[in-house]
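K.L.:
For what it's worth, this note's numbering labels the leading residue of the sequence shown as 1032, then goes sequentially.
Have a look at the structure that comes next, please.
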Amino acid sequence: MFVKGQRFETSYNHETYAYAGKWSGSMVLAPENDENAEVLIYTENEVNELIETGELKLITGQEMVMR
């Protein structure tokens, strides 16, 4: 289970997102880059699959983000 505020990084463009909340049962990941207004909306199962395939990475407090 994920908690609000957890951070993620996409593998395709290394954009970072924060878990902002839920919409209609799905997770809303909001971009941390102020120039990006596009949110990502996935079910929790989809997020788990994206993490397993390496398309999405859960960022822990100890990790630095590549930009």
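Idealized CB from N, CA, C, for every residue including glycine.
Kindly indicate which residue of Thr-1047, Asn-1064 and Leu-1089 has the alpha-carbon position closest to the one of Glu-1075.
P.N.:
Leu-1089
K.L.:
Just reading off the alpha helix (DSSP H) that Thr-1084 is part of, what are its end residues?
P.N.:
1075 to 1084
K.L.:
When DSSP builds the beta bridges, which residues end up paired with Val-1059?
P.N.:
Gly-1052 and Ile-1072
K.L.:
Using only the alpha-carbon positions, how far apart do Asn-1067 and Thr-1084 sit?
P.N.:
24 Å
K.L.:
Out of curiosity, what's the CA-to-CA distance linking Glu-1040 and Ser-1055?
P.N.:
23 Å
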